[in-house]
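First comes the structure, then the notes that go with it.
Now the structure itself:
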């Protein structure tokens with residue numbers, strides 16, 4: 040938590056350089072797909088208070104990770120607590136704007152849902168309400184077409 044988009048991108052690059060596979064910040068569509076977990080509901084198929092820390096139940100403070108219910112795919116804290124940084128190059132904002140999804144511990148109910156999106160300006164400034172969830176892509180498997 041408390042990362043700028045630039046520091047989150049740096050973290051992903053550092054992790055990628057020191058491990059097998061690649062780490063990246065999710066795109067908006069990847070984040071929303073993971074949050075909804077094949078459900079149609081605004082909160083990944085869960086009641087808001089079960090799914091997220093938000094202004095109505097957080098005591099206006101960041102909470103420890105993993106205390107809310109998991110969605111159908113076993114992911115926790117995709118909504119509320121810390122607004123999650125996402126990659127949104129298709130918006131055409133260039134390098135000036137970072138997008139967050141899911142709302143934070145200071146967000147009202149309407150902002151804590153799978154479709155909620157927010158712009159942060161400038162992207163280089165850290166924000167205590169934001170966090171990042173990285174995607175890990177394993178290295179490509181060797182091709183089975185290779186002949187010995």
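Residue numbers (the numbering used here): 40 to 187. All C-beta atoms in this analysis are idealised placements derived from N, C-alpha and C, irrespective of residue type, glycine included.
Between the Cα of residue i and those of the options, spot the shortest distance and give me the residue it belongs to.
i	options	result
residue 119	130, 111 and 82	82
residue 151	63, 80 and 164	80
residue 91	147, 138, 67 and 41	147
Could you give the residue range of the beta strand (DSSP E) that holds residue i?
i	result
residue 149	Where residue 149 is concerned, there is no enclosing beta strand (DSSP E), given that its DSSP letter is neither H nor E.
residue 104	Residue 104 -> no beta strand (DSSP E), and no H or E assigned at all.
Let's test the definition: count the other Cβ atoms within 10 Å of the Cβ of residue i and tell me whether it reaches 16, buried, or not, exposed.
i	result
residue 57	exposed
residue 142	buried
residue 100	exposed
residue 52	exposed
May I have the straight-line CA-CA distance separating residue i from residue j, to the nearest angstrom?
i	j	result
residue 178	residue 115	25 Å
residue 140	residue 87	15 Å
residue 180	residue 61	13 Å
residue 162	residue 108	30 Å
residue 172	residue 65	8 Å
residue 136	residue 168	16 Å
residue 95	residue 44	27 Å
residue 73	residue 113	10 Å
residue 157	residue 102	21 Å
Name the two residues that bound the continuous alpha helix (DSSP H) containing residue i.
i	result
residue 58	Here residue 58 belongs to no alpha helix (DSSP H), and DSSP marks it neither H nor E.
residue 66	Segment: none, residue 66 is in no alpha helix (DSSP H) and carries neither H nor E.
residue 111	Premise fails: residue 111 is in no alpha helix (DSSP H) and is neither H nor E.
residue 13	In the structure as shown, the chain starts at 40 and stops at 187, and residue 13 therefore has no counterpart that could be examined.
residue 87	87–90
Would you check if the distance between the CB atom of residue i and the CB atom of residue j is smaller than 7 Å?
i	j	result
residue 124	residue 47	yes
residue 170	residue 127	no
residue 153	residue 71	yes
residue 110	residue 155	no
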